[in-house]
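Reminder that position 65 of the sequence shown reads as 64 in numbering that gives the first Met the number 0, one-by-one numbering, no gaps. Here a beta-carbon is modelled for each residue, glycine too, at the ideal position from N, C-alpha and C.
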Amino acid sequence: MLKSKSFVKKTRKGGVIKVVREHYLRDDIWCGSKLCCSCSQDEHTLEARPSIDSDLVKTAHYLLPDTNVLLHQIDILEDDLIKNVIILQTVQKEVKHRSLPAYKRIKDIIANKEKRFYVFTNEHHKDTYIEREGGETPNDYNDRAIRKATSWFNGHLEGCKRHPDHQQDQVQVILLTNDQANREKAVEDGLQAYTIHEYVKSLTGKPELVDRLALITDNDQKMDKVNADIMVQGKVMFPEYVISSVLHAGIKSGKYLQGTFHASRENYTEGSVNVQDQDKAVFIKGLSHLNRSVHGDVVAIEMLPEDDWTCPSSLVMVDNSKKDEFNDDDFESESDGKKNPVRKELREPTGKVIGIIKRNWRPYCGILQQSLLKGSTRRLFIAAEKRIPKVRIETRQAETLLGCRLVVSIDSWPRNSRYPLGHYVKKLGEVGDRETENQVLLLEHDIPHEVFSSNVLSFLPKLPWAITQEDYDSREDLRHLDICSVDPPGCTDIDDALHCRTLENGHFEVGVHIADVSHFIKPGNALDDEAANRGTTVYLVDKRIDMVPDLLSSNLCSLREKEERFAFSCLWEVTKDAEIISTRFCKSVINSRSAYTYEQAQLKIDDKSQTDPLTESLRSLNKLAKVLKRGRMDNGALTLASAEIRFNIDSETHDPIDVQAKEMRDTNSMVEEFMLLANISVAKRILQSFPECALLRRHPIPSPSNFDTIIKAAKSMGFTIVIDSGKALSDSLDKAVNPDLPYFNTLLRMMTTRCMTQALYFSSGTLPDLEYHHFGLAAPIYTHFTSPIRRYSDLMVHRMLAVCIRADKSYPDLLQKNKIQAICNNLNYRHRMAQYAGRASVGLHTQIFFKNKQEDEEGYVMFVRKNALQVFIPKYGLEGTLFLKPEDKTASSLFTYNEEEQSQTAGDVSLHMFDPVTVQLSINASDVQHQKLMLRLVKPKVSGFSVGSADVTEPPPKKLKT
Numbered sequence: 000m001l002k003s004k005s006f007v008k009k010t011r012k013g014g015v016i017k018v019v020r021e022h023y024l025r026d027d028i029w030c031g032s033k034l035c036c037s038c039s040q041d042e043h044t045l046e047a048r049p050s051i052d053s054d055l056v057k058t059a060h061y062l063l064p065d066t067n068v069l070l071h072q073i074d075i076l077e078d079d080l081i082k083n084v085i086i087l088q089t090v091q092k093e094v095k096h097r098s099l100p101a102y103k104r105i106k107d108i109i110a111n112k113e114k115r116f117y118v119f120t121n122e123h124h125k126d127t128y129i130e131r132e133g134g135e136t137p138n139d140y141n142d143r144a145i146r147k148a149t150s151w152f153n154g155h156l157e158g159c160k161r162h163p164d165h166q167q168d169q170v171q172v173i174l175l176t177n178d179q180a181n182r183e184k185a186v187e188d189g190l191q192a193y194t195i196h197e198y199v200k201s202l203t204g205k206p207e208l209v210d211r212l213a214l215i216t217d218n219d220q221k222m223d224k225v226n227a228d229i230m231v232q233g234k235v236m237f238p239e240y241v242i243s244s245v246l247h248a249g250i251k252s253g254k255y256l257q258g259t260f261h262a263s264r265e266n267y268t269e270g271s272v273n274v275q276d277q278d279k280a281v282f283i284k285g286l287s288h289l290n291r292s293v294h295g296d297v298v299a300i301e302m303l304p305e306d307d308w309t310c311p312s313s314l315v316m317v318d319n320s321k322k323d324e325f326n327d328d329d330f331e332s333e334s335d336g337k338k339n340p341v342r343k344e345l346r347e348p349t350g351k352v353i354g355i356i357k358r359n360w361r362p363y364c365g366i367l368q369q370s371l372l373k374g375s376t377r378r379l380f381i382a383a384e385k386r387i388p389k390v391r392i393e394t395r396q397a398e399t400l401l402g403c404r405l406v407v408s409i410d411s412w413p414r415n416s417r418y419p420l421g422h423y424v425k426k427l428g429e430v431g432d433r434e435t436e437n438q439v440l441l442l443e444h445d446i447p448h449e450v451f452s453s454n455v456l457s458f459l460p461k462l463p464w465a466i467t468q469e470d471y472d473s474r475e476d477l478r479h480l481d482i483c484s485v486d487p488p489g490c491t492d493i494d495d496a497l498h499c500r501t502l503e504n505g506h507f508e509v510g511v512h513i514a515d516v517s518h519f520i521k522p523g524n525a526l527d528d529e530a531a532n533r534g535t536t537v538y539l540v541d542k543r544i545d546m547v548p549d550l551l552s553s554n555l556c557s558l559r560e561k562e563e564r565f566a567f568s569c570l571w572e573v574t575k576d577a578e579i580i581s582t583r584f585c586k587s588v589i590n591s592r593s594a595y596t597y598e599q600a601q602l603k604i605d606d607k608s609q610t611d612p613l614t615e616s617l618r619s620l621n622k623l624a625k626v627l628k629r630g631r632m633d634n635g636a637l638t639l640a641s642a643e644i645r646f647n648i649d650s651e652t653h654d655p656i657d658v659q660a661k662e663m664r665d666t667n668s669m670v671e672e673f674m675l676l677a678n679i680s681v682a683k684r685i686l687q688s689f690p691e692c693a694l695l696r697r698h699p700i701p702s703p704s705n706f707d708t709i710i711k712a713a714k715s716m717g718f719t720i721v722i723d724s725g726k727a728l729s730d731s732l733d734k735a736v737n738p739d740l741p742y743f744n745t746l747l748r749m750m751t752t753r754c755m756t757q758a759l760y761f762s763s764g765t766l767p768d769l770e771y772h773h774f775g776l777a778a779p780i781y782t783h784f785t786s787p788i789r790r791y792s793d794l795m796v797h798r799m800l801a802v803c804i805r806a807d808k809s810y811p812d813l814l815q816k817n818k819i820q821a822i823c824n825n826l827n828y829r830h831r832m833a834q835y836a837g838r839a840s841v842g843l844h845t846q847i848f849f850k851n852k853q854e855d856e857e858g859y860v861m862f863v864r865k866n867a868l869q870v871f872i873p874k875y876g877l878e879g880t881l882f883l884k885p886e887d888k889t890a891s892s893l894f895t896y897n898e899e900e901q902s903q904t905a906g907d908v909s910l911h912m913f914d915p916v917t918v919q920l921s922i923n924a925s926d927v928q929h930q931k932l933m934l935r936l937v938k939p940k941v942s943g944f945s946v947g948s949a950d951v952t953e954p955p956p957k958k959l960k961t
């Protein structure tokens, strides 16, 4: 029952050590079947009489898939029809090694008890354990282990028939593998083995499941004859990839470069590769040079000779091919084609893709292209994301899926196919339906939005919940303080509350009290893992996707008025000039007196007849906040602008019925100042105790070239923008005021916002101290502490601060900078996607709002292009690119572009940057997938001209996120 293996290996210092590895075997590992009477098992995952209708397998049976079926056909395995499946330890380990996303999906299936997936530890069972033979490859060893386990199961279950209760029962274990050699050897061993395609096509209960079969044609799994008929049989169109060993050797030597591929939005035959440690991306031009790269893939590239370098085309090229779905005759015209000469000064470093390091494919949302062949099951799928190529799929539901949003996964991209091959996953709903489009934007921005699993919910507190005496004894009792919260209207996830009171020495005590989420979410459990994966709460126009379950976000953690709640409090003693005398932190119990909106709090402050303790507290906070803000501005903190809007939603239809700009009051700034102060104070404290692994937030200094546009724009109006420092930039923005153009300074600050780099989370031990700086806030150190209900970063910071003040114990992962940095990397990604999803939601509701209506609105010219104007419309916070087109498309443009003056002139009408215009807004629904907001110039009127927009699907970036 004990196997051991010994070998010697060389150490770094040149020594030799002997390594002995022991492998323990057992004879009491359950088979998991309810049919079995010999295994001593408390729970039975697999049913005694499994039932599934198959033309291929007439008897009751369990399924045992190999690794490739698990990796590539998981959409099939997730279907409710597929139950009673045995997952071998060998297979699960290999899946984990090859694809963590697939491994997580398998774990989720196994956790679903209704699916009846059983994990069998074959490598530790004495009857299924095998040793690797001499010269045997890892793949052959795994295949043999799978066949051995399948054979054992069949013999084991056959023995169960001797029991009186199961003499009539017969259950076979069916091996599912697309590996032809493995299948042939299984049949030789007397096992029933089929391809996943053969088996799925035999299921009479759900014939449409065939549409979800993945089309795999890579080196790991050759496509079998059953599936070969749907492959494109034609000439080779793309170069062969360099073999893996040569590829990695070339990257190591510097012959090849590695980076992430980014497809162009404007031209589907172009893209670029961001190479690490290189400032400028490498340009890729032509389909053969793109060589089957998909946006997001990690690729290997080879640089072209400098004589072959080129530059991006000025043309917008969209793949509008309407040919037969499996006809590639027009490929050559869209490949490299003839190279037009490019002036030397315009050339960019250019390369070609010669291999794929890692595919980063995901499920894509989109629609089916109309087919030229009636009744054809072969269709082209057009992704909503313009940077994704069309995908070839086969579906028998094509007619019912037309006009619907659906999800498709890419499976492979052979050399003889112009487009990648994929399979249908699911239908989302009709195009244009609000719920469907919400689903699309969540999926396209990779927002985790599934309902919380029962495993996650099992770690929530049990109701009724109450604070115990032990809790009171271990925390500071602050229930006597006049604490209140100030938030936007309708806020239910109240993270923070404040108080201010006068001390006997004339100073103020100011407190920021933050929801103590870390009390309810302990490190490492399923609830914590889910929150870490989600990273942040996502706010859409009409819904909120919570990071933590509602019981915590809107109830037990939320600092609701007149309810006792746990808090993490930051308390300062400050002078009347907002000078900080002392700072301390404690875990506390509070009872918020009131939950105000910003407007309600402002009215209390302004109403001189009110003198109650809460009002006086708010007034003191407001005065101190103004002093704090003035100090930040003097240090060089930036005040930037954005156009944030709020939709009024119909309570029955949930459609937008009105829109209004968000009004900023003193109370908004008041809350912001004390949240910033708390974040900075906590950052200093955790860095003292965690110098190598404190979770901090930095805002890198933008590159000077980022400001070229705004410097030129300000100069055109007679102003100078200085970018030598944050302070110089702030001062020059303050001076850029034109009384004749009241909106000029706001537009200039909005343009400055877009020059900024993204603020990022990081682990303190991974960067030098000088890079901790937060440029926008002019703060040498910063973190996020004040919103743990909606940000996982804040929850981690709470845990660190609790260790600092000895309110909680540390744990290993909290002390490892690499693990903290891995968390930060995910948080940076999740926050970026949440921001994009929020913008997309505003864009979606703007389209719904303008459906079947036209409206004239005032706007401002933000940029003047060679053939277009960029117009910003403040009321709706959106921006449109207006191409200057004559109504008669055959006529030449009457507009003359002046690059020096940044103007467009037609007759006596001249349009410059920052000029006010009036435009008519309406929806162009000619492209069912990408509906556009169309703008027509109303004032100033130019005879014979219509101005139309392109791609107004999202509002511009909002204000800099601190």
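*Can you have a look at Y128 and say buried or exposed, based on whether 16 or more other CB atoms are within 10 angstroms of its CB?*
Y128 counts as buried, since no fewer than 16 other beta carbons sit within 10 angstroms of its beta carbon.
*If you count every other CB in all the chains shown that lies within 10 Å of the CB of H844, and 16 or more means buried, which is it?*
By the neighbour-count rule (16 or more Cβ atoms within 10 Å), H844 is buried.
*Just reading off the alpha helix (DSSP H) that M750 is part of, what are its end residues?*
Its alpha helix (DSSP H) spans residues F743 to T752.
*asked:* Here's the rule I'm using: 16 or more other beta-carbon atoms within 10 Å means buried, otherwise exposed. How should D495 be labelled?
replied: Under a 10 Å Cβ-count criterion, D495 is classified as buried, with 16 or more other Cβ atoms of the shown protein chains found around its own Cβ.
*Just reading off the alpha helix (DSSP H) that N141 is part of, what are its end residues?*
Note, N141: alpha helix (DSSP H), P137 to G158.
*Could you give the distance in angstroms between the alpha-carbon of L794 and the alpha-carbon of I679?*
Per the coordinates, the alpha-carbon of L794 lies some 16 Å from the alpha-carbon of I679.
_I believe A735 touches A713 by the beta-carbon criterion, under 8 Å. Please report the beta-carbon distance rounded to the nearest angstrom._
Their Cβ separation, rounded to whole angstroms, is 6 Å, which keeps A735 and A713 in contact under 8 Å.
*For K938, I'd like the list of residues in its chain whose CB is within less than 7 Å of its CB, leaving aside the five on either flank, ordered along the chain.*
Spatial neighbours of K938 in its own chain (CB-CB distance under 7 Å, excluding positions within 5 residues in sequence) are listed in chain order as V916 and T917.
_Per DSSP, the bridge partner or partners of F862_ = According to DSSP, which records beta bridges pairwise, F862 is partnered with Q869.
*asked:* Among the candidates N273, S587, R104 and T44, whose CA atom is the shortest distance from the CA of D470?
replied: Ranked by Cα distance from D470, the first of N273, S587, R104 and T44 is S587.
*Compare the C-alpha of G253 against each of D276, R25 and N141 and name the closest.*
A check of alpha carbon separations from G253 across D276, R25 and N141 identifies D276 as the nearest.
_Option nearest S762 by Cα separation, candidates C692, P548, E269 and D576_ = Closest by alpha carbon: C692.
*asked:* Rounded to whole angstroms, what is the Cα-Cα separation between L920 and Y835?
replied: Each residue's Cα considered, the two are about 23 Å apart.
*Starting from Q965, follow its DSSP beta bridges and name the residues at the other end.*
The displayed coordinates of the chain run from 0 to 961. Any statement about residue 965 would go beyond what the structure contains.
*Exposure of N177, with buried meaning 16 or more beta-carbon neighbours within 10 Å*: Buried.
*asked:* On the DSSP bridge list, what partners appear for W571?
replied: Answer is V509 and T582.
_Three-way DSSP call (helix, strand, coil) for N827 in this model_ = Shown here, N827 sits in a helix according to DSSP, grouped into three states.
*For P64, three-class secondary structure by DSSP*: In the structure shown, P64 sits in a strand (DSSP, three-state: E or B).
*Ignoring anything shorter than 3 residues or poking outside the stretch 350-407, list the beta strand (DSSP E) runs there in chain order.*
Correct list: 363-367, 377-382 and 390-393.
*Can you list, in chain order, the residues of its chain whose CB lies under 6 Å from that of H797, leaving out five sequence neighbours each side?*
The answer, listed in chain order, is S517, F567 and P787.
*Mind reading off the beta-carbon distance from E856 to Q869? Whole number of angstroms is fine, and I expect it under 8 Å.*
Not quite, the Cβ-Cβ distance comes to about 16 Å (not below 8 Å), so this is no contact.
*Name the DSSP bridge partner or partners of Q468?*
None, per the DSSP bridge assignment.
*Report all residues from its chain with a CB closer than 8 Å to the CB of D78; omit the five preceding and five following residues, and keep chain order.*
Only K205, L208 and R211 meet the Cβ criterion.
*Could you tell me whether the Cβ atoms of Q368 and I387 are closer together than 9 Å?*
With a cutoff of 9 Å on beta-carbon distance, Q368 and I387 are scored as not near each other.
*Classify A262 as helix, strand or coil using the three-state DSSP reduction.*
DSSP places A262 in strand when its eight states are reduced to three.
*In whole angstroms, what separates the C-alpha of V245 from that of F260?*
Taking the straight line from one Cα to the other gives about 20 Å.
*Which of the three DSSP states, helix, strand or coil, is assigned to K12?*
Correct three-state label for K12: coil.
*Apart from the five residues just before and just after S292, which ones in its own chain have a Cβ nearer than 6 Å to its Cβ?*
These residues qualify, in order along the chain: F260, V298 and V352.
*Rounded to the nearest angstrom, how far is the Cβ of I73 from that of R104, given a contact under 8 Å?*
Sure, about 5 Å apart at Cβ, within 8 Å.
_Under the three-state DSSP convention, the category I215 falls into_ = Coil.
_Boundaries (first-last residue) of the beta strand (DSSP E) holding C803_ = Note, C803: premise wrong, no beta strand (DSSP E); alpha helix (DSSP H) at Y791 to C803.
_Would L602 and L497 qualify as a contact pair, given that the criterion is a beta-carbon distance under 9 Å?_
Not a contact, by the Cβ cut-off of 9 Å.
*Under the three-state DSSP convention, the category V19 falls into*: In the three-state reduction of the DSSP assignment, V19 falls in the strand class.
*Going by alpha carbons, who is nearest to S484 out of S416, D472, T582 and I589?*
The candidate whose alpha carbon is nearest that of S484 is I589.
*Note down the Cα distance separating Q438 from C35, rounded to an integer number of angstroms.*
Taking the straight line joining both Cα atoms gives about 44 Å.
*asked:* For K114, which residues in the same chain have their Cβ closer than 7 Å to its Cβ, ignoring the five residues on either side in sequence?
replied: Excluding residues within five positions, the ones whose Cβ falls inside 7 Å are K82 and I108.
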